[in-house]
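Residues -23 to -1, 1 to 516 in mature numbering (1 follows the signal peptide of the UniProt record, and there is no 0) are what the sequence shown lists, from first letter to last. Heads up, the beta-carbon is just placed ideally off N, CA and C, and yes, glycines get one too.
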Amino acid sequence: MKPSSVRVISLLLLSLFAVTAQAAPAASAKRKPAVDRVETLSSAQLLQQMFLAEVALARGLLADADVLYGEMIKRSDDERIIRRGNDIALANVARALEAAPVDAEQALRERLQRSQASRALMLMQLPALYARQADKQGALHAVERLTQPYLDEAEALVARALIRREAGELAQAMKDAQTALDLRPDWELAMLLRLRLAPDSARAELLPELYSFVRRNPKALEARVTYIRWLMEAKRTGEAREAYLGLLFDERGNNDLALTIASLAAQNEDMLTARSVLQGLVNENAGDVDQMRLLLGQVNEELKLEDEALQAYRAVTPGAQYANARTRLARLLASRGQWQEAVASLREAADQLPAAASSLQLTEAALLREVGQREQAYQLIAQILAREPGNETALYDGALLAEQLGQPELMEARLRQLLQRRPDHAHALNALGYSLTDRNIRLDEAQQLLEQAIALQPEDPAIIDSLGWLRFRQGRLDEALELLQRAYTVFPDPEVASHLIEVLWAQGRKDEARQRWLDSLRLQPDSAQLQDLGRRLGL
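See the structure below:
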């Protein structure tokens, strides 16, 4: 629907859903059309009438408010009044449908018959009006009855497709959308509806048709974006790039679309195009510039342009994107060995945004832990928990730190506190179950915890590893080997490798265990866990 149609639609809806009928003029009276007699209201008159309408609305007199706004719309071109009046009119007809659906349906039928010039717009509003009905089949049948006389109009078919989708009749909805498209082959709304109703398996078959549509309708921007997305899903990356570069050229100056194209380019691993578009938006100060800077920083990181990424993150000003930008800035600085500057940037951000202080301190704690400053990290998390005892991330991270500091009882207490709040926290279930398993205590409880965790996240390699390690502790070596091999295939971590080597060794497969240890050590030569295992087993 074109933006220029908004006022027309609003006026139409108000005339469609008016609650009082206008008196018919006397047969002998010779009058000019009503539109010629309407006088424009002054600003003072508008304010007075708006006040009366809003008072009526506040008192629950929806019909009176509808009439008052209807009169204002006839005598004013103010878009705000039109939008407000339209909202009230829709609410009024929705109430009528709930109170007396048969009467409301008859009124709609009569208006559709009378209003030939604006019927298309009325038809398009039917699904939204009936979508609120609890009886989806009843709503479907009502729209079917109302649209039955107009099945040679594409809007009626789209209305049917939309209400059928609400009722779960997707196959018939797609047929209706196709019929609408047959009636109006260049209607973007009908094309998009048909595409969205199609199963994913039909996309390859529909791509040529979508290509033909966008070639005929270059201003169908949403259809063009959909075409690009489908090309990318089909791994036709070169064609996708050609398509979004063409769209970018055709719609120069459309900044919202440019941001979408930057996102598409990044998804297409075309980081140079994404960077160019985002840099252009930043230079033009277009839209949410801080969001552009944040995205630009991420793209620069992908391109290994670390200095440019740091510059982009530092340019983000205090606001909605600031905490995220400072977090990424700190992590990038830390990866370059600039730990002090990383911590300083997080603390500065926490001072600037007190509401985000806990999130920023959690990042600082993670950085401190990475450089071996576990005690300082734990103290920082303790500060967060003193302010926010229910902070789930702090409870979880604090529990892991407590274990690393040799305080398993404190770890267990933190995790149980977290699980009391979130019984379905799979990672907390796994952490507690693994801790019990690793200490070789209360294995029955560990099994209960880990089985709950695996039920929640059956493909998580960390949980699979924990369950495999539990089976080893229980002496169920064949099950342990199968689980640990599954985990290692997805996540060849030194800890998983160590568990797998232990099982192979326990099964007497010492040559395999030794070879696995050598292969793992080659991948992770600095792993203390693998080195300790090698010394213990004499590998």
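Within this structure, are the beta carbons of residue i and residue j separated by less than 8 Å?
{"i": "proline 104", "j": "alanine 131", "result": "no"}
{"i": "alanine 138", "j": "alanine 150", "result": "yes"}
{"i": "alanine 307", "j": "leucine 344", "result": "yes"}
{"i": "asparagine 232", "j": "leucine 255", "result": "no"}
{"i": "leucine 272", "j": "leucine 287", "result": "no"}
{"i": "arginine 270", "j": "alanine 243", "result": "no"}
{"i": "leucine 280", "j": "arginine 252", "result": "yes"}
{"i": "glutamate 380", "j": "serine 412", "result": "yes"}
{"i": "leucine 516", "j": "tryptophan 494", "result": "yes"}
{"i": "leucine 481", "j": "tyrosine 465", "result": "no"}
{"i": "leucine 330", "j": "tyrosine 355", "result": "no"}
{"i": "alanine 35", "j": "leucine 45", "result": "no"}
{"i": "leucine 184", "j": "arginine 201", "result": "no"}
{"i": "proline 471", "j": "glutamine 425", "result": "no"}
Could you give the distance in angstroms between the alpha-carbon of residue i and the alpha-carbon of residue j?
{"i": "leucine 433", "j": "aspartate 55", "result": "54 Å"}
{"i": "arginine 513", "j": "valine 473", "result": "17 Å"}
{"i": "leucine 377", "j": "threonine 370", "result": "11 Å"}
{"i": "tryptophan 164", "j": "aspartate 401", "result": "47 Å"}
{"i": "residue 542", "j": "arginine 171", "result": "With the chain covering -23 to 516 only, the question about residue 542 has no answer from this structure."}
{"i": "leucine 500", "j": "arginine 463", "result": "18 Å"}
{"i": "arginine 486", "j": "arginine 453", "result": "16 Å"}
{"i": "proline 126", "j": "alanine 84", "result": "15 Å"}
{"i": "serine 504", "j": "leucine 458", "result": "22 Å"}
{"i": "aspartate 227", "j": "asparagine 245", "result": "20 Å"}
{"i": "isoleucine 58", "j": "leucine 337", "result": "44 Å"}
{"i": "phenylalanine 190", "j": "alanine 148", "result": "22 Å"}
{"i": "threonine 414", "j": "arginine 450", "result": "7 Å"}
{"i": "alanine 157", "j": "glutamate 199", "result": "18 Å"}
{"i": "serine 53", "j": "phenylalanine 28", "result": "15 Å"}
{"i": "asparagine 301", "j": "glutamine 155", "result": "45 Å"}
{"i": "arginine 96", "j": "arginine 192", "result": "30 Å"}
{"i": "alanine 217", "j": "alanine 297", "result": "32 Å"}
{"i": "leucine 362", "j": "asparagine 368", "result": "7 Å"}
{"i": "serine 20", "j": "glutamate 182", "result": "57 Å"}
{"i": "arginine 206", "j": "glutamate 261", "result": "27 Å"}
{"i": "methionine 49", "j": "leucine 23", "result": "7 Å"}
{"i": "leucine 339", "j": "isoleucine 358", "result": "7 Å"}
{"i": "threonine 237", "j": "alanine 439", "result": "36 Å"}
{"i": "alanine 220", "j": "arginine 180", "result": "17 Å"}
{"i": "leucine 392", "j": "histidine 118", "result": "54 Å"}
{"i": "leucine 396", "j": "glutamate 428", "result": "15 Å"}
{"i": "valine 320", "j": "serine 475", "result": "34 Å"}
{"i": "valine 266", "j": "arginine 213", "result": "31 Å"}
{"i": "lysine 196", "j": "threonine 203", "result": "13 Å"}
{"i": "glutamate 456", "j": "glutamate 278", "result": "42 Å"}
{"i": "glutamate 389", "j": "glutamine 508", "result": "28 Å"}
{"i": "leucine 106", "j": "glutamine 360", "result": "52 Å"}
{"i": "glutamate 285", "j": "alanine 239", "result": "17 Å"}
{"i": "valine 293", "j": "glycine 274", "result": "10 Å"}
{"i": "alanine 430", "j": "phenylalanine 468", "result": "18 Å"}
Figure out for me which residue from the options has the closest Cα to the Cα of residue i.
{"i": "glutamine 114", "options": "Leu372, Glu279, Arg142, Tyr127", "result": "Arg142"}
{"i": "arginine 109", "options": "Ala144, Arg450, Arg229", "result": "Ala144"}
{"i": "glutamate 318", "options": "Leu222, Arg303, Ile478, Arg122", "result": "Arg303"}
{"i": "glutamate 121", "options": "Arg364, Arg86, Leu98, Asp41", "result": "Arg86"}
{"i": "tryptophan 316", "options": "Pro295, Gly296, Val293, Glu341", "result": "Glu341"}
{"i": "glutamate 146", "options": "Asp41, Ala116, Leu34, Gln492", "result": "Ala116"}
{"i": "residue 517", "options": "Gly314, Ser322, Arg364", "result": "Residue coverage of the chain in this structure runs from -23 to 516, which leaves residue 517 outside it and unanswerable."}
{"i": "arginine 398", "options": "Gly410, Glu380, Asn417, Tyr373", "result": "Tyr373"}
{"i": "leucine 409", "options": "Pro438, Asp437, Ser443, Leu249", "result": "Ser443"}
{"i": "glutamine 268", "options": "Ala21, Pro295, Tyr46, Met248", "result": "Pro295"}
{"i": "alanine 332", "options": "Arg364, Ala359, Ser412", "result": "Arg364"}
{"i": "leucine 282", "options": "Leu395, Met248, Asp265, Val480", "result": "Met248"}
{"i": "glutamine 102", "options": "Ala133, Met49, Lys152", "result": "Ala133"}
{"i": "leucine 89", "options": "Ile478, Ala197, Leu123, Ala175", "result": "Leu123"}
{"i": "glycine 264", "options": "Leu234, Leu225, Pro162", "result": "Leu234"}
{"i": "asparagine 417", "options": "Gln425, Leu447, Ala403, Leu426", "result": "Leu447"}
{"i": "asparagine 407", "options": "Ile441, Asp496, Gly375", "result": "Ile441"}
{"i": "arginine 291", "options": "Ser322, Asp41, Ala111", "result": "Ser322"}
State yes or no: is the C-beta of residue i nearer than 7 Å to some heavy atom of the ligand ZN?
{"i": "proline 126", "result": "Inclusion of the ligand ZN in the displayed structure is not the case, the ligand content being empty and no account of it being possible."}
Give a yes or no on whether 8 Å exceeds the smallest Cβ distance from residue i to chain C.
{"i": "arginine 450", "result": "The displayed structure is made up of one protein chain only, and chain C is not part of it."}
How do the region 421 to 431 and the region 376 to 385 stand: do at least 3 beta-carbon pairs fall below 8 Å, yes or no?
no
Across the region 348 to 365 and the region 319 to 331, are there enough close Cβ pairs to call them in contact, namely three or more that are closer than 8 Å?
Contact check between the region 348 to 365 and the region 319 to 331: fewer than three CB pairs, one atom from each, fall below 8 Å, which does not count as touching.
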